[in-house]
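Here the structure is laid out as structure tokens; the discussion comes afterwards.
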Amino acid sequence: MEDVIEQVKSMNQIGGFDKIKNLIPGLGNAKIPENLLENQEEKIKKWEHILKSMTPEERANPELLKKQTSRIARIAKGSGVNNSDVRSLLKQYDMLQDMLKGGMDNMDVSQGFSQKQMQKMMKKFGKKKMMRF
49 MEDVIEQVKS
59 MNQIGGFDKI
69 KNLIPGLGNA
79 KIPENLLENQ
89 EEKIKKWEHI
99 LKSMTPEERA
109 NPELLKKQTS
119 RIARIAKGSG
129 VNNSDVRSLL
139 KQYDMLQDML
149 KGGMDNMDVS
159 QGFSQKQMQK
169 MMKKFGKKKM
179 MRF
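No gaps in the numbering here: position 11 of the sequence shown is 59 in the working numbering, and each next residue is one more.
Have a look at this one:
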């Protein structure tokens, strides 16, 4: 999770999600509702506070939080969020790790994401309704 903090800092320097989506091939022309982007930006800000409230050991080994749930309560209190927000971040982290370990092995994203690739990726993340791009 150490690298996640650096990525969040980098993302903040680049700009909001609207600017970032223009940098990703295939997403620049996507019609994504602005309130969806704003909600994601708020979520990222929460996650940044959560990550800053973790000890270096917890960021290096997030499994500690699953074993010692009292750490979740401490982090939530320190970052001004609910326990469920901390658990949500952990869940997203786990899903990303799963995806990186094998979920995208056969996807060629050099030319951007196709509709089929986006649907496959969203299905992997448990989305019931697919977004149209």
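Quick reminder that beta carbons are idealized off the backbone N, C-alpha and C, glycines included.
Remember, predicted model here, so these are calculated numbers, not experimental data.
Beta-carbon contacts of residue i that lie in its chain and below 7 Å, excluding the five residues immediately before and after
i, result
"Ala124", "Asn130, Asn131, Asp133 and Val134"
Within 8 Å, strictly: CB atoms of residue i and residue j
i, j, result
"Leu99", "Leu138", "no"
Proximity winner among the options, relative to residue i (alpha-carbon distances)
i, options, result
"Gly126", "Glu89, Met102 and Lys168", "Met102"
"Ile92", "Leu148, Gln145 and Tyr141", "Tyr141"
"Glu96", "Gly128, Asp146, Met143 and Asn83", "Gly128"
"Ser136", "Lys94, Leu84 and Lys149", "Lys94"
Contacting residues, own chain, Cβ-Cβ under 6 Å from residue i (five flanking each side not counted)
i, result
"Lys168", "none"
"Lys115", "none"
Whole-angstrom C-beta distance between residue j and residue i, which should lie under 8 Å
i, j, result
"Arg119", "Glu106", "6 Å"
Residues of its chain near residue i, where Cβ-Cβ distance is below 8 Å and the 5 sequence neighbours each way are ignored
i, result
"Ala121", "Asn131"
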